[in-house]
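**Student:** Counting in the UniProt record's numbering, the sequence shown runs from 1 upward without gaps.
Would you mind keeping the following structure in view while I ask a few things?
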Amino acid sequence: MSKLVLSVKSVVLGTYSLDLDVMIIGRKLSCDITLDDDAVSGEHFLITMVKSDYLENYKDAYIEDLGSTNGTKINEKPLKSKHHLKHHDRIKVGHHVFTFDTELGRDELERTAIYLPDTE
Numbered sequence: 001m002s003k004l005v006l007s008v009k010s011v012v013l014g015t016y017s018l019d020l021d022v023m024i025i026g027r028k029l030s031c032d033i034t035l036d037d038d039a040v041s042g043e044h045f046l047i048t049m050v051k052s053d054y055l056e057n058y059k060d061a062y063i064e065d066l067g068s069t070n071g072t073k074i075n076e077k078p079l080k081s082k083h084h085l086k087h088h089d090r091i092k093v094g095h096h097v098f099t100f101d102t103e104l105g106r107d108e109l110e111r112t113a114i115y116l117p118d119t120e
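Here you go:
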């Protein structure tokens, strides 16, 4: 299962499994992940897990900013539209940084699969 590793100033504060199809991250207590940070909006961004078209039993993760006041950054670049998260992407929101960790490592994702046609 994919997860987010939360850190502040390179100190790991926690790990969150992405086990829901939609997770909202923000300052509100009703969010799936709550951040106590005045630079974070009530509902800052969401992550959507979608069944992969290519890998069996795997879900792709997508992130969207929810119109937050201070924005969301992916790998130091402002998030302007829906973004497909990749292994080790860094999500910066307020003073917090999440690192996206896939259930499959980068090496496994970069290998080419060979599909053989069914034979009768």
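The beta carbon of each residue, even a glycine, is placed where N, CA and C say it ideally should be.
#1: Along the chain, which unbroken stretches of the beta strand (DSSP E) at least 3 residues long are found entirely within the stretch 3-40?
#2: Hey, how far is the Cα of M49 from the Cα of D21?
#3: Using only the alpha-carbon positions, how far apart do S10 and E43 sit?
#4: Here's the rule: buried if 16 or more other CB atoms are within 10 angstroms of the residue's CB, otherwise exposed. What is G67?
#5: Determine the contact status of S7 and V93, defining contact as a CB-CB distance below 8 Å.
**Tutor:** Taking the coordinates as given:
#1: 3-8, 11-17, 22-26
#2: Residue numbering aside, residue 49 sits at position 49 when the sequence shown is read from its first letter. Residue numbering aside, residue 21 sits at position 21 when the sequence shown is read from its first letter. Spanning the two alpha carbons is a distance of roughly 5 Å.
#3: Within the sequence shown, the letter at position 10 stands for residue 10. Within the sequence shown, the letter at position 43 stands for residue 43. Cα to Cα, the separation comes out at about 24 Å.
#4: Position 67 of the sequence shown, counted from the start, is the residue given in the question as residue 67. Classification for G67: exposed.
#5: Within the sequence shown, residue 7 is the residue found at index 7, counting from 1. Within the sequence shown, residue 93 is the residue found at index 93, counting from 1. No, the pair does not count as a contact, with Cβ atoms beyond the cut-off.
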